[in-house]
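These notes concern the structure reproduced below.
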Amino acid sequence: MNLTLTKKALSSGTKLEESHFSGIPRGQGKFLMKWITGQALKELTKEKIINLALDNIFSEIVFWVLATLSIVSAVLVIHLKSIFRSALMLLVSFVGVAGIFAILNAEFLAIVQVLIYGGGITVLIIFAIMMTTDVDQGNQSNKIQLLALLSAISILGVLTYSIIQAQWKVLPSTLPEPMIDVFVNSPAYLGHLLLNEFVLAFEIAGVLLLAVVVGALSLVRED
Numbered sequence: 077m078n079l080t081l082t083k084k085a086l087s088s089g090t091k092l093e094e095s096h097f098s099g100i101p102r103g104q105g106k107f108l109m110k111w112i113t114g115q116a117l118k119e120l121t122k123e124k125i126i127n128l129a130l131d132n133i134f135s136e137i138v139f140w141v142l143a144t145l146s147i148v149s150a151v152l153v154i155h156l157k158s159i160f161r162s163a164l165m166l167l168v169s170f171v172g173v174a175g176i177f178a179i180l181n182a183e184f185l186a187i188v189q190v191l192i193y194g195g196g197i198t199v200l201i202i203f204a205i206m207m208t209t210d211v212d213q214g215n216q217s218n219k220i221q222l223l224a225l226l227s228a229i230s231i232l233g234v235l236t237y238s239i240i241q242a243q244w245k246v247l248p249s250t251l252p253e254p255m256i257d258v259f260v261n262s263p264a265y266l267g268h269l270l271l272n273e274f275v276l277a278f279e280i281a282g283v284l285l286l287a288v289v290v291g292a293l294s295l296v297r298e299d
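Using my numbering, the letters of the sequence shown correspond one by one to residues 77 to 299.
Here it is, written out as C-alpha cells:
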C-alpha cells in the first residue's frame, strides 16, 4: 500500500518524505527513500546520456557528410573538363568547409568562409571565366600535373604533421559559458590570434588571395 502511494507521489511530483513510509519499520523508511531518489537520479542521468549520445551521433554524421562533400567537390575541381563547373565545385567545397566550422561552434569563421571565399573569391573566378573566349577548351592536360600532385602531397604531409604536433589549448570546463563565448567566438579575440600567434598563416592566406587575383587577371588578359 505504501509503495503504491509512493509511486503516486513520484508520478505527481510530490516531494518524498518519511511520512510516505509510515508503515515501514523505523530506519528502513530513510533507506527506501534514498534508494528511490537514487533510482530517479539514475533514470535522469540515463536520459541525459542518451540525449547527449544522440546529439554526438548526429553531429558526427553531419561532420562526415560535410567532410566527404568538401573533399569530393575539391577533387572534381581539378578533374572536370569544364572550367565553369570546376568553379561551381569550388563553391560547394567552400560551403562544406563553412558547414564544418558551424558544427564546431565557430559561427564567425563559418560566416567569413561563406562571405569571403564563397561569395567573393568564387564569384571573382566565375566572372573571369565568363569573360574568357576559350572556355570550351576546358582544363587541358599539361606536363606539370605530376609535379602538382607531388607538391599537393607534400603540402598535405606538412599540414598533417603540423596538426599532430601542435599543442591545442583547451579552455577549462569550469569557466562560465559567457566567458567561454568571449574567448572562442569573439572577433576581437580571433583578430588577436591572427595578428600575434598565427601571423604567418595569416600572411600566407593573403598571398593565396593575391595569387587568385593574379590568376583571374591572367585568364582575362588578351594575348
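We put the CB at the ideal spot given by N, CA and C, even for glycine.
Owing to the predicted nature of the structure, the values given are computational and were not obtained by experimental measurement.
**Study point:** Among 206, 188 and 281, the one whose alpha carbon lies nearest that of residue 162
**Key:** 206
**Study point:** Inter-residue spacing [alpha-carbon to alpha-carbon] between residue 185 and residue 177
**Key:** 6 Å
Practice item. Assign residue 244 to one of three DSSP states: helix, strand, or coil. Key: coil
Review point. Alpha carbon to alpha carbon, what distance is there between residue 133 and residue 100?
Key: Here residue 100 scores only 47 on pLDDT, less than 50, and its place in the model is too uncertain to base an answer on.
Point to revise | Rounded C-alpha distance that separates residue 136 from residue 160 | key: 32 Å
Practice item. State buried or exposed for residue 243, treating a residue as buried only when at least 16 other CB atoms are found within 10 Å of its CB. Key: exposed
**Study point:** residue 175 versus residue 268: straight-line alpha-carbon distance, rounded
**Key:** 24 Å
Practice item. Compare the beta carbon distance of residue 149 and residue 173 with 8 Å and say whether it is the shorter of the two. Key: no
**Study point:** Short Cβ contact (8 Å threshold) for residue 198 with residue 170
**Key:** yes
Review point. Looking at C-alpha atoms only, which residue of 266, 233, 193 and 275 is the closest neighbour of residue 168?
Key: 193
Check your understanding: CA-CA distance, residue 287 and residue 271?
Key -> 21 Å
Exercise for review: Count the other CB atoms, across all protein chains shown, that sit within 10 Å of the CB of residue 281; report buried if there are 16 or more and exposed otherwise.
Suggested key: exposed
Exercise for review: Identify whether residue 162 lies in helix, strand or coil by the three-state DSSP scheme.
Suggested key: helix
Practice item. Confirm, please, whether the CB-CB distance from residue 153 to residue 142 is below 8 Å. Key: no
Check your understanding: What is the rounded straight-line gap between the Cα of residue 139 and the Cα of residue 289?
Key -> 31 Å
Exercise for review: Assign residue 229 to buried or exposed, taking buried as 16 or more other Cβ atoms, counted over all protein chains shown, within 10 Å of its Cβ.
Suggested key: exposed
Review point. In this structure, does DSSP put residue 100 in helix, strand or coil?
Key: Annotation note: pLDDT 47 at residue 100 (below 50); position unreliable, coordinate value reported separately. Looking at residue 100 - three-state DSSP - the assignment turns out to be coil, as it is neither helix nor strand.
Practice item. Would you tell me roughly how many angstroms separate the C-alpha atoms of residue 219 and residue 235, rounded to the nearest one? Key: 26 Å
Check your understanding: Under three-state DSSP, which class holds residue 182?
Key -> coil
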